[in-house]
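Enquirer: Below you will find the structure I want to go over with you.
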Amino acid sequence: MPLSEQEQRLLEEMERSLYHNDADFVASVGASRLRPNYRSIAIGVLLAVAGIVALIAGVAIAQLWLGILGFVVMFGGVLIAVTPGRAIRSVPGPSSPGRRPAQAKSNQGFMDRLNDRWDRRQDGQ
């Protein structure tokens with residue numbers, strides 16, 4: 001079920017507010033996104049299948065060394081297949097450290113504006 005325009009705007013405001021208020025959290029979460037390396041996955045799966053075949057063949061012909069070699073190849077293939085891929089370049093958030101105060105005020109999130117209004121009411125302005 002798609003989001004309505006109001007829900008999309010609210011989600012965008014929340015994202016901007018998160019980028020603005022909690023840049024450390026965004027940087028730590030954003031840095032963990034990885035792109036899968038499909039070549040490594042394909043090679044790993046092929047090695048795992050070859051290792052299973054060698055393991056079964058080693059058991060079938062009663063050759064211990066072939067079974068152990070098959071297990072090692074299978075284990076190596078699985079390790080190659082599940083290794084992390086390359087990191088995706090993170091897109092910097094809308095908040096930049098060197099911007100002017102007027103520009104910062106115009107890009108405040110929804111909650112920031114509500115907090116500012118609340119503070120002005122409490123101060124009697």
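Okay, so the sequence shown: first residue is 1 according to UniProt numbering, each after it adds one.
The beta-carbon is built from N, C-alpha and C at its ideal position, and this holds for glycine as well.
Note that the structure is a prediction, hence the values are computed from the model and not measured.
Using 10 angstroms around the beta-carbon of Ala54, count the other beta-carbons present and answer buried if the total reaches 16, otherwise exposed.
Expert: Result: buried.
Enquirer: If you draw a straight line from the alpha carbon of Arg16 to that of Arg120, how long is it in whole angstroms?
Expert: Answer to the nearest angstrom: the Cα atoms are 23 Å apart.
Enquirer: Does the separation of the CB atoms of Val45 and Ala81 fall below 8 Å?
Expert: Yes.
Enquirer: Is it the case that the Cβ atoms of Leu66 and Gly77 are separated by a distance below 8 Å?
Expert: No; because the gap between Cβ atoms is not below 8 Å, this pair is not in contact.
Enquirer: If Glu5 sits next to Phe110, beta carbons under 8 Å apart, how far is it from one beta carbon to the other, in whole angstroms?
Expert: The pair is not a contact, with the Cβ atoms about 15 Å apart (cut-off 8 Å).
Enquirer: Any idea what DSSP makes of Ile61, helix, strand or coil?
Expert: Note: Ile61 maps to coil in three-state DSSP.
Enquirer: Given that a residue counts as buried once 16 or more other Cβ atoms are within 10 Å of its Cβ, and exposed if not, what is Met1?
Expert: That one is exposed.
Enquirer: Starting from Leu3, follow the alpha helix (DSSP H) in both directions and report where the run begins and ends.
Expert: Unbroken run through Leu3: none, as it is neither H nor E.
Enquirer: On the premise that Leu47 lies in contact with Val73, defined as a C-beta separation below 8 Å, what is that separation, rounded to the nearest angstrom?
Expert: That pair is a contact at about 6 Å.
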